[in-house]
Structures are given as C-alpha cells and as structure tokens.
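Single-structure report; data block below.
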C-alpha cells in the first residue's frame with residue numbers, strides 16, 4: 004500500500020480533533036469504544052485508518068492528563084506501524100518519538116533514552132544529520148540521558164548538537180544559543196558549577212535584545228543566578244573546617260547556607 008503513510012496522516016488530522024473534543028470534557032470517561040468486530044486481529048490493526056485513529060486517540064488521552072495510558076497505547080501501536088509501514092518509515096519514526104515523549108512524562112527516562120538512541124540513528128540515516136527532526140531527537144536524547152542519571156553523556160550529546168545547530172543555523176541563532184544553555188546546565192550537573200556559571204554569563208553577554216531571544220535570555224538569566232549561588236555555596240563548604248562534626252551537623256550547616 005504505497006499511499007498508506009499519506010492516508011494515515013489524513014485520517015489522523017480528521018480524527019484527532021474529535022478525540023480532543025472528547026478528551027476536553029469536564030468528565031473524561033476514557034478512550035472511545037473500539038467496537039472491534041468478531042475475529043479482530045492483525046488484519047484490522049494493519050488498516051491505515053485504524054492506525055491513524057489509534058494514534059489520534061493515544062495523543063488525545065495523553066493531552067487530557069493520562070500520560071501513562073498514552074504511553075501504553077503508543078507502545079502497543081509501534082509494532083503495528085513497523086509491520087505495516089516499515090521500521091524506517093517517517094510515520095513509524097514519529098510514533099517512536101511520541102512513545103519516548105510519553106515515557107518522559109511518566110518519568111521513565113531509562114526507556115525513553117533507549118528509544119531516542121535508536122530513533123536518532125534512524126533519523127540520521129533516513130532524514131540526515133542536519134534535519135530538524137534529527138536535531139530535535141538528539142536534544143530529546145540528551146535530556147533523557149541526563150535525567151536517567153548520566154549527565155556526562157548528556158553533555159556529549161549536547162556538544163554534538165551545538166556543533167550541528169551552529170553549522171546549520173549559525174552561531175547567532177536562538178536555537179543554537181538555547182542548546183548552549185542546556186549544555187551549560189548539564190555541565191553544572193556533572194559538578195562543574197563554575198564552568199556552568201561562566202557559560203551562562205558569556206551567553207547572556209552575547210545575546211542581542213530581540214524578541215526571538217526572549218526564551219533563551221530568561222533561561223540564561225535564571226540559570227546564571229542559580230549557578231552563581233551554587234559556586235558561593237561550594238566555596239563556603241570547601242573552606243569550612245568540619246573536622247569532628249557529625250553528619251547531622253554537617254547537613255544542617257549545608258541546609259542553612261544553601
């Protein structure tokens with residue numbers, strides 16, 4: 004079915020709005036009934052209309068405040084897309100991205116990290132390293148990696164992303180600046196508070212006062228305040244003579260100056 008991807012997109016746009024209306028009710032009673040016919044199975048799941056409606060349903064449910072169910076639905080959906088559209092089809096890649104998104108929203112960053120790693124490799128191969136979808140996936144991978152407990156690897160992903168964004172968009176583009184800010188944030192999380200502080204100070208100094216930079220400017224300003232205070236805290240802690248102090252006394256002193 005060569006036009007399946009196009010048909011899925013068309014049905015998704017038409018059906019998603021209907022599910023969104025249902026999801027927006029004051030009392031949301033769950034997903035619309037499937038009314039599966041007798042013998043429902045792989046043949047029905049392989050129908051492009053069914054896939055599109057299922058995708059729209061899952062998204063509406065997540066947006067209505069049930070990310071756990073949305074994640075479950077996308078998880079069930081992905082094998083069907085892979086079977087019907089192929090593992091590298093853009094529609095399948097988008098379902099992978101949405102599955103990772105909802106995994107993030109329920110705090111399962113280990114799962115989303117693995118999904119984004121696989122998805123990034125596919126997007127580079129299918130869409131190219133400089134494609135916006137590929138860059139967005141690399142950013143998602145960096146964030147999931149950091150929140151999964153590996154800030155050093157998150158920094159490496161962001162270093163790569165900064166380089167690609169700069170080559171595609173230029174060093175003065177807001178997306179490049181914002182990515183540099185995220186890199187600084189994760190560098191701070193690795194224990195390099197002074198480096199993070201200095202990066203945010205330099206970033207603020209290089210941002211032209213334009214509406215396009217408002218998001219990055221606010222983020223950089225708030226982060227600079229945070230990392231300045233963090234550096235002060237670490238310096239006080241470093242030079243404080245705590246020999247003979249109990250762990251409880253150390254903790255209360257730290258809490259008092261943080």
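In the numbering used here, the protein residues as written are 4 to 261. We put the CB at the ideal spot given by N, CA and C, even for glycine.
Measure the C-alpha to C-alpha separation of residue i and residue j and round it to an integer number of angstroms.
{"i": "residue 29", "j": "residue 201", "result": "Its pLDDT being 32, under 50, residue 29 is placed unreliably in this model, and the value from its coordinates should be taken loosely. Their backbone Cα atoms lie some 48 Å apart in a straight line."}
{"i": "residue 136", "j": "residue 182", "result": "15 Å"}
{"i": "residue 64", "j": "residue 237", "result": "44 Å"}
{"i": "residue 185", "j": "residue 165", "result": "10 Å"}
{"i": "residue 251", "j": "residue 235", "result": "22 Å"}
{"i": "residue 88", "j": "residue 209", "result": "45 Å"}
{"i": "residue 72", "j": "residue 191", "result": "34 Å"}
{"i": "residue 110", "j": "residue 152", "result": "12 Å"}
{"i": "residue 167", "j": "residue 133", "result": "7 Å"}
{"i": "residue 231", "j": "residue 215", "result": "26 Å"}
{"i": "residue 207", "j": "residue 194", "result": "21 Å"}
{"i": "residue 171", "j": "residue 127", "result": "14 Å"}
{"i": "residue 32", "j": "residue 69", "result": "Low confidence applies to residue 32: its pLDDT is 33, below 50, so where it sits in the model is not reliable, and the reading given next is rough at best. Between residue 32 and residue 69, the C-alpha separation is close to 12 Å."}
{"i": "residue 37", "j": "residue 176", "result": "With a pLDDT of 45 at residue 37, under the threshold of 50, the predicted position of this residue should be treated as unreliable, and no value is reported."}
{"i": "residue 223", "j": "residue 59", "result": "36 Å"}
{"i": "residue 169", "j": "residue 239", "result": "38 Å"}
{"i": "residue 94", "j": "residue 161", "result": "26 Å"}
{"i": "residue 219", "j": "residue 198", "result": "18 Å"}
{"i": "residue 276", "j": "residue 159", "result": "Residue numbering for the chain in the displayed model covers 4 to 261; residue 276 lies beyond these limits and cannot be assessed."}
Could you give the first and the last residue of the continuous alpha helix (DSSP H) run that contains residue i?
{"i": "residue 197", "result": "196-209"}
{"i": "residue 262", "result": "The structure shown has nothing for residue 262, since the chain only spans 4 to 261."}
{"i": "residue 166", "result": "154-172"}
{"i": "residue 60", "result": "51-66"}
{"i": "residue 180", "result": "177-192"}
Pull up the CB-CB distance for residue i and residue j, whole angstroms please, since I reckon it's below 8 Å.
{"i": "residue 57", "j": "residue 76", "result": "7 Å"}
{"i": "residue 98", "j": "residue 81", "result": "5 Å"}
{"i": "residue 189", "j": "residue 149", "result": "5 Å"}
{"i": "residue 163", "j": "residue 141", "result": "7 Å"}
{"i": "residue 122", "j": "residue 84", "result": "Between residue 84 and residue 122 the Cβ distance is about 13 Å, and since that is not below 8 Å, they are no contact."}
{"i": "residue 86", "j": "residue 49", "result": "7 Å"}
{"i": "residue 203", "j": "residue 147", "result": "So it is not a contact: roughly 23 Å between Cβ atoms."}
{"i": "residue 233", "j": "residue 196", "result": "5 Å"}
Exposed or buried, what is residue i when buried is set at 16 or more other beta-carbons lying within 10 Å of its beta-carbon?
{"i": "residue 143", "result": "buried"}
{"i": "residue 174", "result": "exposed"}
{"i": "residue 228", "result": "exposed"}
{"i": "residue 155", "result": "exposed"}
{"i": "residue 101", "result": "buried"}
{"i": "residue 249", "result": "exposed"}
{"i": "residue 211", "result": "exposed"}
{"i": "residue 225", "result": "exposed"}
{"i": "residue 213", "result": "exposed"}
{"i": "residue 107", "result": "buried"}
{"i": "residue 62", "result": "buried"}
{"i": "residue 103", "result": "buried"}
{"i": "residue 79", "result": "exposed"}
Open item on the list: Threshold first: 3 residues or longer. Then list the beta strand (DSSP E) segments lying entirely within the region 88-114, N to C.
Closed with: none
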